[in-house]
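Enquirer: Take a look at the following structure, please.
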């Protein structure tokens with residue numbers, strides 16, 4: 001049995017292809033509507049698995065298209081009844097109804113598991129009769145995400161602290177996330193640790209290596225500019241290597257930006273009822289003082305700009321990270337200042353959402369000591385002068 005899978009996001013497509021091949025189906029893939037239609041004619045599939053939102057080139061510009069064009073081609077132009085199974089993060093009810101009216105057989109909303117996808121395909125065209133692999137009998141509950149998200153993780157001498165298993169498990173289970181580790185000129189074996197991690201998840205993990213240490217701000221900036229080049233990524237964010245903000249909270253940030261008009265969703269470590277947030281009292285007092293200074297400089301009521309967990313749309317990422325930051329640590333403050341200068345204070349307050357974290361733990365061995373707080377005040381003054 002032959003399946004044609006059409007999706008512009010390789011992170012999703014490769015996982016779908018691998019699972020369906022394990023189950024014994026013959027699979028071909030296409031990353032564009034045009035290629036998908038050509039493959040349909042030559043491959044003559046028993047089922048088409050189709051994403052709805054796929055950008056196409058129009059001259060030199062990307063334009064928004066939908067898989068509806070493929071449905072029209074098969075049902076109207078070719079007058080063919082090949083089963084069509086839509087798998088999409090697009091929840092526009094009018095579009096869903098339109099596609100059912102055109103003759104799609106089923107509509108699956110992302111996120112969903114590979115198991116559910118396989119079950120729906122089997123219900124429509126049955127299971128392959130000529131091939132039974134041991135892997136096919138195993139359950140696969142890994143999730144196909146609604147959107148593709150790139151995450152930058154800056155690393156400097158993280159050989160002892162890098163939680164490789166946590167990163168590996170997340171990359172394996174959450175299809176649609178791409179983790180980009182930026183080695184910021186580490187002098188220990190961090191790069192070797194990262195390369196081993198990448199070997200086990202080559203599709204979902206990459207390494208951007210900076211030969212010289214440039215500081216966290218430049219490491220994050222380089223990583224984001226690297227990910228912006230990947231057109232399949234809808235959102236780009238960053239996360240600390242020590243996972244003081246864990247993946248459950250980061251995934252919540254992504255869900256918020258997916259379902260809103262915010263351009264940036266930033267984690268906030270402000271304590272609240274029911275949260276698991278721990279931190280030394282002395283550091284907490286200093287942090288609160290610095291945050292008050294930051295709010296004064298920004299002229300906006302953001303309470304925790306320095307939280308190392310943020311996600312943003314790719315347009316903001318490309319525009320706000322195109323130039324080097326003035327400081328090595330406080331690029332978060334500079335990011336908000338750049339947005340204020342570019343969009344205006346009133347608009348920026350609508351574009352940025354601070355979302356309280358359910359859990360946050362100050363990890364042992366943090367490179368930023370209490371003594372560094374004195375330097376931070378000086379750098380804040382530097383930012384205030386530069387962006388006034």
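Residue numbers (full-length UniProt numbering): 1 to 388. In this text, a Cβ means the ideal position worked out from N, Cα and C, and glycines have one as well.
If we require 3 or more residues per run, which beta strand (DSSP E) segments fall completely within the segment 295–337?
Expert: Correct list: 309–313.
Enquirer: Taking only three categories from DSSP, how would you classify residue 157?
Expert: Reduced to three states, the DSSP call for residue 157 is coil.
Enquirer: Classify residue 150 as buried or exposed, calling it buried when 16 or more other Cβ atoms lie within 10 Å of its own Cβ.
Expert: Buried: at least 16 other Cβ atoms inside 10 Å.
Enquirer: Counting only runs of 4+ residues fully inside the UniProt domain "Response regulatory" (2–125), write out the alpha helix (DSSP H) ranges in chain order.
Expert: The UniProt domain "Response regulatory" (2–125) contains these whole alpha helix (DSSP H) runs: 10–22, 33–43, 68–72, 93–102, 114–125.
Enquirer: Please report the distance separating the alpha-carbon of residue 62 from that of residue 118.
Expert: Here residue 62 scores only 42 on pLDDT, less than 50, and its place in the model is too uncertain to base an answer on.
Enquirer: Determine whether the beta carbon atoms of residue 360 and residue 266 lie at a separation below 7 angstroms.
Expert: Not a contact, by the Cβ cut-off of 7 angstroms.
Enquirer: Which residue from 194, 224, 47 puts its Cα closest to that of residue 316?
Expert: That would be 224, whose Cα lies nearest to the Cα of residue 316.
Enquirer: Determine the contact status of residue 70 and residue 50, defining contact as a CB-CB distance below 7 angstroms.
Expert: Contact: yes.
Enquirer: Write down the C-beta distance between residue 40 and residue 74 rounded to the nearest angstrom, noting that I regard them as a contact closer than 8 angstroms.
Expert: Contact flag correct, Cβ pair sits at about 7 angstroms.
Enquirer: So, helix, strand or coil for residue 263, using DSSP?
Expert: Coil, per DSSP.
Enquirer: Hey, residue 383 and residue 297 are a contact pair by Cβ (cut 8 angstroms); roughly how many whole angstroms apart?
Expert: At roughly 7 angstroms, the Cβ-Cβ gap stays under 8 angstroms, so residue 383 and residue 297 are in contact.
Enquirer: Please say whether residue 175 and residue 318 have beta carbons closer to each other than 7 angstroms?
Expert: No.
Enquirer: Alpha carbons only, please: which of 210, 109, 121, 145 is nearest the one belonging to residue 156?
Expert: The candidate whose alpha carbon is nearest that of residue 156 is 210.
Enquirer: Report yes if the CB atom of residue 390 is closer than 7 angstroms to the CB atom of residue 30, and no otherwise.
Expert: Nothing can be reported for residue 390, as the shown portion of the chain is limited to 1 through 388.
Enquirer: Where does residue 270 sit, in a helix, a strand or coil, going by DSSP?
Expert: Note: residue 270 maps to coil in three-state DSSP.
Enquirer: What span of residues does the alpha helix (DSSP H) with residue 390 cover, start to end?
Expert: Within the shown structure, residues of the chain are numbered from 1 to 388, placing residue 390 beyond reach of any answer.
Enquirer: Is DSSP giving residue 129 helix, strand or coil here?
Expert: Residue 129 falls in the coil class under three-state DSSP.
Enquirer: Whose CA, out of 82, 289, 68, 338, lies closest to the CA of residue 99?
Expert: Measuring from the Cα of residue 99, the nearest candidate turns out to be 68.
Enquirer: How should residue 377 be labelled, buried or exposed, when 16 other C-beta atoms within 10 angstroms of its C-beta is the threshold for buried?
Expert: Counting Cβ neighbours within 10 Å, residue 377 comes out exposed, since fewer than 16 surround it.
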